[in-house]
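In our numbering, the protein residues as written are 0 to 450.
Structure (structure tokens):
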């Protein structure tokens, strides 16, 4: 029995190596089975797809997953009332219309891939995301476009890229997949009835730089997009610390100083919030994805209970992964709490199955560079700066990011000495400078690593 259970778990995890369409077809096939085990596996598949749809803001996939969850849940005598309510609400408020857009042509033009449709596209018709296929060891850049495709599936070739394929995802959805064995730079824009996809191989660019007698390793490509995420806000104050200081105010001030410094250094910078208002956790990384950010930095302040306020202090940087320590679980529970009402139980427990391993590795490197630079900046001016290290943790705010994403705990707002510093403008600016230095260190190291 244990062996059978283990095989089922491994089988379920392996589904994430396949595309969403493959998993959906697999779930539909299992649903036709007359056995309870087949229904149960289909139910699990639909729930995995539901989580991915939420992360990638794919409304069509979300609705299809909800329908599947409800159908199979009923057969398994599982309470699916919450899913029914969500589906009913979605159907009532925003019925998804079948697209009347049709792909007319796809071709290379001026080195870019150009898709032409019969009429102007709406903003919500294109869903783009990235993932890493750990089984085939391929980086995948995926576009789901709400439009008809009357032509046959096509495969395109370009030097330095393994494969580019466009096919019919569903009768009303196109599926464009760009695959490569190493990371690519992929950006797209919409111009009236066209989608223009710009693809470049980092490997090719790197070789070209070497051919031109090499650039200095310290030279930074400042054509980077950075999204700063000051935690909490509005109705959610975050941690309440010494003398009633609120986390939401502290991190917003640090975020603004960081934005000023990074902009002065030539970077393009966006903030998930620039004043005191509430932003759902899920919407923060969605915002970064829409801006095609290169990195995502979420800024927070830590807290402990009254019995530990004087002895507990220090700063730490987290990157997204399954928690391996009680400390990470505790911190994540605090930072995730503001948006738990927006997630059902399954979402809270299983969203980590969809993590992109490449982004986790890059986020780990980013976290290390940020932590080192923050410490260096603060220790040059202040005493009692404690390094609590780089850690991994299950932070919902980082889920769904299509770029390296980290969460910085700038200190304990409950510790008297650290709280006084966190509300001091000079200290906030010094801390922000440390983060900015870490960003530059990370991009320099990226160039050295060849990506």
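Each residue gets a CB set at the ideal place from its N, CA and C atoms; glycine is no exception.
Q | Cβ pair count under 8 Å reaching 3, the region 259–267 against the region 358–375 | A | no
Q.
What residue range does the alpha helix (DSSP H) around residue 64 cover?
A. 58–74
Q.
Beta-carbon within less than 6 Å of residue 247's beta-carbon, same chain only, minus the 5 sequence neighbours each way: which residues are those?
A. 231, 232, 236 and 237
**Q.** Beta-carbon proximity list for residue 301, same chain, < 6 Å, skipping 5 on both sides
**A.** 408 and 411
Q: Taking residue 287 as part of the alpha helix (DSSP H), name the residues at either end of that continuous run.
A: 280–289
Q) For residue 126, which of helix, strand or coil comes out of DSSP? A) strand
Q | Nearest-angstrom Cα separation, counted from residue 168 out to residue 160 | A | 22 Å
(Q) Let's see if you can read the secondary structure: which residues bound the beta strand (DSSP E) around residue 101? (A) From DSSP, residue 101 is part of no beta strand (DSSP E); its letter is neither H nor E.
**Q.** C-beta contact flag for residue 111 and residue 224 at 8 Å
**A.** no
**Q.** residue 142 versus residue 113: straight-line alpha-carbon distance, rounded
**A.** 13 Å
Q | Residue interval of the beta strand (DSSP E) (run including residue 415) | A | Taken as a continuous stretch (DSSP letters only), residue 415 belongs to no beta strand (DSSP E), being part of the alpha helix (DSSP H) at 415–421.
Q: Would you kindly check if the distance between the Cβ of residue 49 and the Cβ of residue 524 is under 8 Å?
A: Because the chain spans 0 through 450 in this model, residue 524 falls outside it and cannot be assessed.
Q: Take residue 252 and list the residues in its own chain whose beta-carbon comes closer than 7 Å to its own, dropping the five residues that flank it on each side.
A: 427
(Q) Tell me the rounded alpha-carbon separation between residue 339 and residue 298. (A) Since pLDDT at residue 339 reaches only 44, below the 50 mark, its modelled position is unreliable, and the value read off the structure follows with that caveat. Cα-Cα distance, rounded: 19 Å.
Q | Per-residue DSSP class, three states only, for residue 300 | A | strand
Q. Leaving out the 5 sequence neighbours to the left and right, which residues in its chain are closer than 7 Å to residue 245 when beta-carbon positions are compared?
A. 236, 237 and 239
Q: For the beta strand (DSSP E) holding residue 189, just list the boundary residues, first then last.
A: 183–190
Q: Could you pull out every residue in the same chain whose Cβ sits closer than 7 Å to the Cβ of residue 277, ignoring the five residues on either side in sequence?
A: 232, 233, 234 and 235
Q: Below 8 Å on the Cβ atoms is my guess for residue 294 versus residue 402; work out the distance and round it to an integer in Å.
A: 6 Å
**Q.** Opening and closing residue of the beta strand (DSSP E) in which residue 111 lies
**A.** 111–116
Q.
Rounded to the nearest angstrom, what separates residue 132 and residue 445 at their Cα positions?
A. 21 Å
Q: Would you check if the distance between the CB atom of residue 316 and the CB atom of residue 361 is smaller than 8 Å?
A: no
**Q.** Burial state of residue 431, where buried means 16 or more other Cβ atoms lie within 10 Å
**A.** buried
Q: Could you please give the first and the last residue of the uninterrupted alpha helix (DSSP H) stretch that includes residue 136?
A: Note, residue 136: premise wrong, no alpha helix (DSSP H); not H, not E.
Q) So, are the CB atoms of residue 368 and residue 429 less than 8 Å apart? A) no
Q) Which two residues bound the contiguous alpha helix (DSSP H) that contains residue 250? A) 246–263
Q.
By DSSP's criteria, residue 36 is part of a beta bridge. Which residues make up the other side?
A. Bridge partners of residue 36: none, in fact.
Q. For residue 191, is the classification buried or exposed, using 16 other Cβ atoms within 10 angstroms of its Cβ as the cut-off for buried?
A. exposed
Q: My understanding is that residue 249 touches residue 421, with C-beta atoms under 8 Å, so please give their C-beta distance in whole angstroms.
A: 5 Å
Q | Residue range of the beta strand (DSSP E) that includes residue 172 | A | 172–179
**Q.** Segment contact flag, the region 115–126 with the region 143–158, C-beta cutoff 8 Å, min 3 pairs
**A.** yes
Q: Measure the C-alpha to C-alpha separation of residue 26 and residue 40 and round it to an integer number of angstroms.
A: 7 Å
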